[in-house]
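Q: If you're matching them up, the sequences are chains A and B in order. Take 64 as the starting number for the first sequence in this note's numbering and just add one per residue. Take 63 as the starting number for the second sequence in this note's numbering and just add one per residue. For glycine and all other residues, C-beta sits at the position ideal for the given N, C-alpha and C. No experiment lies behind these values; they were computed from the predicted model shown. One structure coming up, written as structure tokens, with questions to follow.
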Amino acid sequence: MLKSFPRGGVHPAENKFSAGNQITKLPLPKTVTIPLSQHIGTPAEPTVQRGDMVKTGQLIGKYKGFVSSNIHSSVSGKVLKVDKALDSSGYKRTSVVIEVNEDIWITKIDRSSDLRKEITVSGDEIINKILDAGIVGMGGAAFPSHVKMSVPKGKKCDILILNGVECEPYLTSDHRLMLEKGEEILVGFRLVMKALNVKKGMVGIENNKPDAISHLSQIAQQYPELEVFPLKVKYPQGGEKQLIKALTGREVPSGGLPIDVGVVVHNIGTAYAVYDAVQKNKPLIERVVTVTGNDVKKPSNFLVRIGTPLNQLVEAAGGIPAQTGKIVNGGPMMGKAMNSLEVPVTKGTSGILLIPEKESKRKPFRPCIRCAKCISVCPMGLEPFLLMTLTEKEIFDRVEKDKALDCIECGSCSYICPANRPLLDYIRLGKFRVGQIIRNRK
Amino acid sequence: MYEKINKLITVSPSPHVHSAGSTQKLMTGVLIALIPAFVIGIIMFGWGTLIVTGVAVISCLVFEYVIQKYLLKKEPSVTDGSAVVTGVLLAFSLPVNIPFWLVILGSLVAIGVGKMTFGGLGNNPFNPALVGRVFLFISFPVQLTTWPAPKGFGTSLTDAITGATPLGIIKEGLRNSDSMDTIMQNIRSSKEMLYGHMGGSLGEVAAIALAIGFIYLIMKKIITWHIPITILGTIALFTGIMWLIEPTQNASPVFHLLTGGAILGAIFMATDYVTSPMTPKGMIIFGVGIGLITVVIRRFGAYPEGIQFGILIMNAFVPLINSYFKPKRFGEEVKNG
């Protein structure tokens, strides 16, 4: 039987329309807008100012503090301004706007497409290069990768997991990367293993991507420390805790981190970025973005420079369908709805999903009938209906006691609820309020 | 430069897709699962089955609408289908020759007292259909225990010959200190009972038809196996033990399973979402409780049938069961190796 996580989960329609379409490079935009905060943590400090000429790959934002990340110019040209600009979150954030002029790269970057398999650098150098290259988790959360590379004292990492699950419906960027850059990805993964001094690497891929499973399994044959595992298709298997449970049987304790059970998880896109950073000296300046939706003319996977406006991507995929009612940054289960396409691609942009109008509005909700479907699908063993009621009634001590903070916000409860109740909305609110209460206690 | 969005678009939190499941679909599923029993009811007790069911459903819908609209002054929600299910279940637990006005009164109590006084769907602690049924049973015992003997398809109400249910025959027999063998001579074979050829409420008699409904509910994932199987398992186990100890005083477990409202109650009434526990462990406790109470009432109580009381009593324990039997949290007990 195929491995999977034991509790909860749902099966939304996969709709992976763009899975068969090769990654294509988009032409350079006229201007790029590169936010200095594309990651979880402190925004980077700008190192350029208006009027400066920059080259592709040049540092334009320096990390500030431990949980932060470097930002590099993804193009060459003139800095028009360093100012607040709208990003995909809907907020204005300090960004570097660059007018594109040719494409002149800094010289240390190896731009050849030669595969460099041999690992010649030390573990510490690998971590430094990851920090320098501004690599963040590319599955969507954008957590700075170097932070995950430093194992806290007293903890030990003995298994590294490569997350090739891509359980979000519609998205295919990791799938395409695995097919087209499989060698590079596994080299990148082995670099992380070396940096963390881990001897065992597990690659988890859901069974709806048999081509990627066989491709990576074949490549992995040359590396005895790596093994590829097909997984039963079940959302949210790409969630760190679920994937660790599925592959290793270990259960990250409530409130804990993967490292507490000796595991670190990295995403496909991140492993590829590590390869580029270490073997090619190339910072994180471009990524693969899926543009898709039920009515999108050409569902596509684009390799684009960070800072490219999203409307250029949508245009290349055949334009905005007439009946579009919602635009989502990411997948349909966990992605964030945007109010504009005039915002840039960032390190965490895995896809753009255009949802037709008739599916974009929620149906009115009805009373809870206690069918317990939310409980049966919750991968964290929570009671979403109860957390919603407790939050509505502002009984926050019980919201805390009933483990609202364990919620991974996968959305399975809201997805399954026959009464269309906005369970996750309320749980988020409950988590937020409980977080405030806990902070005030200190 | 590029195409702009020229209209208002929706911005809402994730998830952005829904399973398309709905309360109506679940209720429709329950109604579909009740069709086989309905057909057997018509075959065994004639068109009266259709009439009683129709009267109950229409009364429930009307009472729900009127109470919501004119008394509670809120948007009526009759379209969710829950009142239809209540009506059908109430009808299925009544004898076919019951006077119409009692059906209407039962519906009023089911919807009005059982459901609306608590705030409508989702808030009622007790199964509304059972509230209506038990009200009628206690207030009008004669009308509620005058059972037509099944004659087969095409019998009209006036032709029906009244008789007792198998459970009633046993209770009466034991009261007269008859031996079980003598009593059993007045009762049809298990095979006939399996098809519903016995006296009883119009929807409860045919075990096979109800079992088909059960399989449908499980396949459609409308209910899980826990509650029905633990109720029927408990009944079988405890009547089985008593039967082995004292066969002259006790009917066999097969008899207990096939007669009365055990199967209808276990599959369709105890599993009512609103009034049953929400975790598998809780459901098992609930089911065992119902099974035990049913057997105790059937064997030692004043009434021949006990499942209705078993369900209502255990309904009252549901909030307690829910707060004691929480799902196992992820990462709660860490066993790593």
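(1) Skipping 5 residues on each side, what residues in its chain have a beta carbon closer than 6 Å to that of S231 of chain A?
(2) How many Å lie between P389 of chain B and A332 of chain B at the Cα?
(3) Using only alpha-carbon positions, find the residue among B:V358, B:G275 and B:I160 that is nearest to V101 of chain B.
(4) Please look up how many angstroms separate the CB atoms of N226 of chain A and N330 of chain A, rounded, as I've assumed it's under 8 Å.
(5) Should Q305 of chain A go down as buried or exposed, given a rule of 16 or more other Cβ atoms within 10 Å for buried?
(6) When DSSP labels each residue in this structure, what does G498 of chain A get in the three-state scheme?
(7) Relative to chain B, which residues along the segment 391 to 413 of chain A have a C-beta separation below 9 Å, given in chain order?
(8) Which of the three DSSP states is assigned to L223 of chain A in this structure?
(9) For L299 of chain B and A153 of chain B, which I take to be in contact (beta-carbon distance under 8 Å), what is that distance rounded to the nearest angstrom?
(10) Just grab the DSSP bridge partners of N330 of chain A for me.
(11) Given that N483 of chain A touches chain B, what residues does it touch there, using C-beta distances under 8 Å?
(12) Taking 8 Å as the threshold (beta carbon to beta carbon), is R73 of chain B in contact with chain A?
(13) Are there 16 or more other CB atoms within 10 angstroms of the CB of R195 of chain B, so buried, or fewer, so exposed?
(14) Measuring only between beta-carbons, confirm whether R237 of chain B sits less than 8 Å from chain A.
(15) State yes or no: is the C-beta of N377 of chain B within less than 8 Å of the C-beta of F180 of chain B?
(16) Compare the C-beta of T292 of chain B against all C-beta atoms of chain A and say whether one is closer than 8 Å.
(17) Between which two residues does the beta strand (DSSP E) harbouring L149 of chain A extend?
(18) Closer than 8 Å, Cβ to any Cβ of chain A: which residues of the segment 84 to 103 of chain B, in chain order?
(19) What does a CB cutoff of less than 6 Å around G493 of chain A pick up in its chain, not counting 5 residues either side in sequence?
(20) Report the neighbours of F371 of chain B on chain A: residues whose CB is nearer than 7 Å to its CB, in chain order.
(21) Is the beta carbon of I198 of chain A closer than 8 Å to that of S158 of chain A?
(22) Helix, strand or coil for T96 of chain A, going by three-state DSSP, please let me know.
(23) Would you identify the three-state DSSP class for L486 of chain A, choosing helix, strand or coil?
(24) Measuring CB to CB, does V337 of chain A end up less than 8 Å from K211 of chain A?
(25) Can you give me the C-alpha to C-alpha distance between Y478 of chain A and S81 of chain B, rounded to a whole angstrom?
(26) Start and end of the beta strand (DSSP E) containing P395 of chain A?
(27) Grouping DSSP H, G and I as helix and E and B as strand, with all else coil, what is R491 of chain A?
(28) With DSSP as the reference, label G351 of chain B as helix, strand or coil.
(29) Take E181 of chain A as the anchor and find which of A:L294, A:N270, A:E108 and A:Q342 has the nearest alpha-carbon.
(30) Given that a residue counts as buried once 16 or more other Cβ atoms are within 10 Å of its Cβ, and exposed if not, what is A385 of chain A?
(31) Comparing C-alpha positions only, which one of B:K283, B:V357, B:T341 and B:I129 sits nearest to G176 of chain B?
(32) Does any residue of chain B have a CB that is nearer than 8 Å to the CB of P316 of chain A?
(33) With 8 Å as the threshold, decide whether the Cβ of C431 of chain A is near any Cβ in chain B.
(34) Could you work out which residue in A:I369, A:E288, A:N260 and A:A258 is closest to V266 of chain A when comparing CA atoms only?
(35) Just list the alpha helix (DSSP H) runs in the segment 238 to 308 of chain A, keeping only unbroken ones of 4 residues or longer that don't cross its boundaries, in chain order.
(36) Please classify P69 of chain A: is it buried, with 16 or more other beta-carbons within 10 angstroms of its beta-carbon, or exposed?
A: According to the data block:
(1) Sequence check: residue 231 of chain A is Glu here, not Ser. If we look at E231 of chain A and ignore the five residues flanking it on each side, its Cβ neighbours are G394 and M396.
(2) 20 Å
(3) B:G275
(4) 5 Å
(5) Per the 10 Å Cβ criterion, buried.
(6) helix
(7) V391, G393, G394, P395, M396, M397, G398, K399, A400, M401, N402, S403, L404 and E405
(8) strand
(9) Actually they are not in contact, since the Cβ atoms of L299 of chain B and A153 of chain B sit about 31 Å apart, beyond 8 Å.
(10) A:N226
(11) H80 and S84
(12) Correcting the residue identity first, residue 73 of chain B is Val in this sequence and not Arg. Taking Cβ atoms only, chain A reaches closer than 8 Å to V73 of chain B, which makes this a yes.
(13) buried
(14) no
(15) no
(16) no
(17) Counting along the chain, the beta strand (DSSP E) containing L149 of chain A begins and ends at G140 to L149.
(18) S84, T85, K87 and L88
(19) Cβ within range, chain order: L450, T454, V462 and A467.
(20) In chain order: nothing, as chain A lies at least about 22 Å away.
(21) No, the pair does not count as a contact, with Cβ atoms beyond the cut-off.
(22) strand
(23) Helix, per DSSP.
(24) no
(25) 5 Å
(26) Here P395 of chain A belongs to no beta strand (DSSP E), and DSSP marks it neither H nor E.
(27) helix
(28) In the three-state reduction of the DSSP assignment, G351 of chain B falls in the helix class, which pools H, G and I.
(29) Minimum Cα distance to E181 of chain A is reached at A:Q342.
(30) exposed
(31) B:I129
(32) Using beta-carbon distances, P316 of chain A counts as an interface residue toward chain B, with a partner under 8 Å.
(33) Taking 8 Å as the threshold, the shortest C-beta distance from C431 of chain A to chain B falls below it.
(34) A:E288
(35) The segment 238 to 308 of chain A contains these whole alpha helix (DSSP H) runs: 245 to 259 and 273 to 283.
(36) exposed
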